[in-house]
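Numbering (this note's numbering), first residue to last: 37 to 298.
Note that CB positions come from ideal geometry on N, CA and C, so glycine has one too.
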């Protein structure tokens with residue numbers, strides 16, 4: 037009896053383990069910073085692929101997807117050129133912990149922080165995927181190495197990557213008006229905006245709900261199939277034993293009858 041129960045449990049557990057392996061999560065990218073991980077997750081979710089972000093301490097962040105969606109996720113990362121490398125900041129050339137701090141380095145760090153804030157603000161405009169802002173810096177006197185006084189007006193250059201179908205003239209006007217009011221000494225004509233149209237997004241036919249539901253349905257069917265196979269084996273084995281026992285008893289009775297007749 038114990039042997040029958042072990043065989044039944046094995047027949048039930050094997051399909052379940054196979055189903056769980058098919059539904060398991062795998063890491064599509066690892067060692068990311070938080071910005072890269074957020075971009076990857078957002079891109080996958082827009083393509084109807086369920087994705088999770090996990091913090092791994094000093095190892096950074098990882099992004100996981102269902103095993104069934106791994107190939108599609110890798111193709112999307114290649115198509116969207118993700119993860120993007122961390123953008124170099126001008127402030128990196130002037131670290132705050134430098135032994136000697138100059139007015140030029142302090143201003144460079146300030147303007148670099150301003151550029152980053154402006155990029156974040158421009159990215160919330162309708163249809164904008166990404167934004168890059170570059171503010172003009174004062175030149176340096178080659179003979180003294182000291183920054184020249186800001187006698188000329190400030191200039192700002194912007195690169196915006198936007199979704200297809202966006203009204204470009206309206207986007208340029210809104211961006212220039214925003215930047216004009218972000219600086220006290222910046223004129224409307226000193227703001228240049230360059231637009232780039234992003235590639236059309238290719239939406240996949242799979243959805244997160246149907247993907248996970250499909251995995252659980254497969255697992256449930258596999259469990260039921262394993263249970264039925266185990267029960268069928270036990271019933272078949274029981275019937276065979278019962279038939280063998282009945283045959284042996286009938287044989288013994290037949291022999292007893294012949295001996296009595298003799």
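Would residue 153 be called buried (16 or more neighbouring beta carbons within 10 Å of its own) or exposed?
-> exposed
CB of residue 190 within 8 Å of CB of residue 172, strictly | yes
Hey, quick one: how far does the alpha helix (DSSP H) through residue 150 stretch, first residue to last?
-> 139–158
Kindly indicate which three-state DSSP category residue 111 falls into: helix, strand or coil?
-> helix
Element boundaries [alpha helix (DSSP H), containing residue 211] | 204–218
Buried or exposed: which applies to residue 151, given that a residue is buried once 16 or more other Cβ atoms fall within 10 Å of its Cβ?
-> Around the beta carbon of residue 151, a 10 Å sphere encloses 16 or more other beta carbons of the protein chains shown; the residue is thus reported as buried.
Beta-carbon contacts of residue 98 that lie in its chain and below 8 Å, excluding the five residues immediately before and after = 63, 65, 66, 67, 68, 73, 89, 90 and 92
Could you tell me the distance, in whole angstroms, from the CA atom of residue 224 to the CA atom of residue 213?
-> If I take the Cα positions, the gap works out to 7 Å.
Can you give the beta carbon distance from residue 230 to residue 192, rounded, assuming they're within the 8 Å contact cut?
-> Incorrect: roughly 12 Å between the Cβ atoms, too far for contact.
Residues of its chain near residue 80, where Cβ-Cβ distance is below 7 Å and the 5 sequence neighbours each way are ignored = 87, 101, 109 and 112
Let me know the alpha helix (DSSP H) ranges lying completely inside the region 68–118, each 4 residues or longer, listed in chain order.
-> 70–82 and 106–115
Per DSSP, the bridge partner or partners of residue 231 | 196
Pull up the CB-CB distance for residue 234 and residue 168, whole angstroms please, since I reckon it's below 8 Å.
-> Actually they are not in contact, since the Cβ atoms of residue 234 and residue 168 sit about 14 Å apart, beyond 8 Å.
Using the rule of at least 16 other Cβ atoms within 10 Å of the residue's Cβ for burial, across every protein chain shown, is residue 257 buried or exposed?
-> When all chains shown are included, residue 257 counts as exposed.
Would you mind giving the Cβ-Cβ distance between residue 163 and residue 199, rounded to the nearest angstrom? I have them listed as a contact below 8 Å.
-> 5 Å
Residue 257 by DSSP, collapsed to three states: which one?
-> Residue state, collapsed to three classes: helix.
The beta strand (DSSP E) with residue 30 in it runs from where to where?
-> Nothing about residue 30 can be reported from this structure: the residues present for the chain run from 37 to 298 only.
In or out: residue 217 buried (at least 16 other Cβ within 10 Å) or exposed?
-> exposed
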